[in-house]
Amino acid sequence: MVISIRSRLFLFRILVLTLLCLPGSGRLVLDGLPFNSKIEFMFFVGVLSFGFAPKTVEFLKNCLNSLDTRRLFLILSALIFVIFIKFLTFVYSPLANGFEVCYRSVYAPLPSGQCEKSYDQPFFSNGNFLEKISSVEQEINFGSTDEGSESTGTSTWRLPFMNDWGRLEPLWLKRLPFTADFAGTINVSADSRIPIVFLGDLGVDIDGQKVGAKHYVGSPRLIFVPVDKGSHKLLINYRFSEGDGSVVPDKQPNIIGEYASLQIYEPVSQEYQLGIEKTFRPISASDDTSLLKNLFFKLLDITLLLFLISLIGKLLLSYTKLIFVAPFFATAVWIVINSDTTFQSLGLSRSSLLVGFLLGVGLWIVLKKCPKYAWIYGGSIGLVQFISNKSFFPASRWWNVALFRQRDSDWFAHEGLARIIFKEVSLKGGEPIFYFQPGMRYLITVGHLVLGNNDILLPLLASVFLFTAVAVGLRQIEIKNQFFGLLPVLTISSLVVLFSDLNMSSYIFNLTTELPTWIFLFVFVYLACTDKFSSGRIVILGLLAGLSVNFRPNQAPGWAYLVIITLIGLILNGDRKLSAKRAPWLFVLVTVSSASLSLIHNLYYGRSFVLFSSSGVGSQQHSLKIFLDMFYDAESRTIVLNKFRSLTLFTFHPLPKDRFWPYTNSFQLMQISWLVSLVWACRISRKYFKTTMYAIVPFMFLIPMVMYDSSSYFPRHLVVINISFLASSLLMLFNAQKVQQSTLAKT
């Protein structure tokens, strides 16, 4: 049997990803989803890059193509065998070495015997020491990040239920009461005492010897628990609650001290006295696995690591220059962005404009000299822009951090709905008929299943993806002269100014529902700016358009218009791999199917024909009729024009003085980019109708927003309108350049 090269490549990719992602024993370094450790995440990124980077894909094709059927079968069988062994380790010994923990909320508690389900341990809930568990903690070291802190949000506790929307949603609730039971084995080298710092109700059980203490007033208290030499089973019963009720009260109980604190340290000698300066280290659980089992896990670890390192090593050898280019770009971007404070000290109150200009010039140079590295430069801007914001990125503690969401925010609702999907293992998503925007809850769920409790890593990646998508979109335009350099300069300047604003940065940090559509828009433009439409490209274009309206239904007219002009391009495009009949139909099928996901959900679970969500009626001020009335009614015309002005923040003043100047200046740069691109596209291409078709893209995003009160979501709803000016600029210039090249080729 002859297996095609495409089938071979597909099988190899699937098996390698399965090998990496499939859950294995927690005692393995690469234990599968979720990727809680940095090394796992790095391998995940590396393997994905290896599987899809052009040079390594070509290398992989050549290797797989050179294999006869027998050798190919042996290699694939070996991969399947290792996958099977890894899965057996999960069945046999799923838990990592550490302290098992069972978290429970005091308010609205679960039925007796159950623990709160955690993203850290999504596939297994039975413990070795405890009957049920939430997760496994490597150390018991929890408390407030700031001295004197009184809230859950400023503590290191990773309570799985902290964002349970619908269950723990009172606005005053910032101090969650809970219980936490820890269990594990410890080894003590000599008779000693265990230092414990705590605030709350504490019960310690060491091989049946019990010690109890209670302390709530003031700061945490230090006690010592005696322990004999040898191996012991340690059981900790901890509770933090300032009341006895399980029902959420109407107001916050009296606060008498700091928030919950529990740190258990390595044993100290019997002679140790208070007042002697000593640095305590958190106690670690001992490994009770036999030598033979440990050897087996080590051998499997080595096998997995060597195989994956060989793949990533080939990736690095194929892209050696990236090892030097990426740090250089990141350093240069970091220097420019962190020069902002220097510029301010020199009296430049709008220093972000200068920072944006310098970064834009940098992208222009990259696009002109080495366009293939534009994505690295764009990603560097997104990365440095995010981590330089100390309000959202705590450099000392950012990995595997669960964030406490504000109770009056949309992101709290979406986190809560995502948690309902996770707990119920149901696509119902917490609502039989969607009220909140449908898509975000599912994206957050997938993000947590892949990355665990990495609530800071998710927005960091979103920031990188956003600027990377912009950079690769700009790469589609040929930077022939200084004029075309205006586009990257204006684009990057506008985005840097926009996201230098603290409020706008918070939208990325909190994963606002508009964020995926901003990224999708630039990825869509990048994929649409081509002469060769493969089936994969068409499927992705359809998915981007269809999924975007599930994130923000109010953008449907704009995305529908993009679909129409892309469909026209597919029909008229003569140079492509797909047949003239198949390409448009494939695009329509994928787009309509993905756009109908919310409708299918509402029909299945709610027996109701609701296209997307039932929300939005409250903020609607006008109907579509106002666009007809404006042609003969002066008042309607004034309303529409004022709406246009407020939604674009249009003004001729170059330096607006209100507190919204970052939005105004940013949107001005986007609009200037669109205007300049329109003029230049008309200059180099005489196909004015086609240019106009791309030029009106932003107005298709703008028009539906006229009917709604934008002040309730200011400036979130304005962003997609104005970044669509940038998307329109790229589409106009790409197609104008294509027409110009076609004309020159004919002459």
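Numbered according to the numbering used here, the sequence shown spans residues 2 to 748. Every residue, glycine too, gets a C-beta built ideally from N, C-alpha and C. Predicted model, so just to flag it, every value in this text is computed and none were measured.
query	result
Close Cβ partners of S723 (< 6 Å) along its chain, the five nearest in sequence each way excluded	Checking the displayed sequence, the identity of residue 723 turns out to be Asn instead of Ser. Excluding sequence neighbours, N723 sits near F668 and M671.
Three-state secondary structure assigned by DSSP to K234	strand
7 Å Cβ shell around S678 - same chain, five flanking residues per side excluded	L488, S730, M733 and L734
DSSP-derived helix/strand/coil call for F405	coil
For C116, three-class secondary structure by DSSP	coil
Where A109 sits in the DSSP three-state scheme	coil
From S597, M708, V641 and W662, residue whose alpha carbon lies closest to that of S624	M708
Burial state of G276, where buried means 16 or more other Cβ atoms lie within 10 Å	The pLDDT assigned to G276 is 49, lower than 50, so where the model puts this residue is not dependable, and the model offers no usable value.
Selection from G430, S686 and W519 that minimises the alpha carbon distance to G167	G430
Integer Cβ distance of F435 from V212, believed to fall under 8 Å	With 8 Å as the limit, F435 and V212 do not qualify as a contact, their Cβ atoms being about 51 Å apart.
CA-to-CA distance, V102 to I141, given in whole angstroms	10 Å
Cα-Cα separation between T186 and V226, rounded to whole angstroms	16 Å
Reference I336; option with closest CA among V356, L347, Y320 and G348	V356
Validate contact between the stretch 357-369 and the stretch 124-135 using beta carbons, cut 8 Å, 3 pairs	no
Delimiting residues of the alpha helix (DSSP H) encompassing E59	P55 to S67
D759 - DSSP class collapsed to helix/strand/coil	Any property of residue 759 remains undetermined from this structure, which presents the chain solely from 2 to 748.
Nearest residue (CA-CA) to P254, options S242, I685, L263 and Q115	S242
Own chain residues within Cβ distance below 6 Å of G244, not counting five before or after	P254
Candidates D192, F45, P196 and G209, of which the one nearest D229 by Cα	D192
Own chain, CB closer than 7 Å to N390, minus 5 neighbours either side, in chain order	S506
Status (buried if at least 16 other CB within 10 Å, exposed otherwise) for S270	exposed
7 Å Cβ shell around F179 - same chain, five flanking residues per side excluded	Y104, R105, S106, V107, L160 and F241
Exposure of E117, with buried meaning 16 or more beta-carbon neighbours within 10 Å	buried
Contact between the stretch 414-432 and the stretch 375-382 (3+ Cβ pairs under 8 Å)	no
Closest Cα partner of P693 within the set Y664, S247, A737 and I673	At residue 693 the sequence reads Thr, which differs from the Pro that was named. It is A737 whose Cα lies nearest to the Cα of T693.
Under 9 Å between C-beta atoms of K294 and S94	yes
Neighbour-count burial assignment, T153, 16 or more Cβ in a 10 Å radius	buried
Of the residues V334, F199, L347 and I445, the one placed nearest F358, counting alpha carbons only	V334
Contacts around R577, its chain only, beta-carbon distance under 7 Å, and the 5 residues preceding and following it disregarded	Because R577 sits at a pLDDT of 48, beneath the cut-off of 50, its placement in the model cannot be relied upon, and the point is left open.
At least three beta-carbon pairs within less than 8 Å, the stretch 325-334 to the stretch 42-52	no
Inter-stretch contact (C-beta, 8 Å, three-pair minimum) for the stretch 683-701 and the stretch 601-609	no
Own chain partners of G33 with C-beta closer than 6 Å, once the 5 adjacent residues on each side are dropped	C22, L23, P24 and G25
Stretch-stretch touch, CB-based, cutoff 8 Å, three pairs: the stretch 514-531 with the stretch 486-500	no
Cut-off 6 Å between Cβ atoms - residues of its own chain near T19, not counting five sequence neighbours on either side	I84
Secondary structure of H623, DSSP reduced to three states	coil
Whole-angstrom distance between T332 and S381, CA atom to CA atom	9 Å
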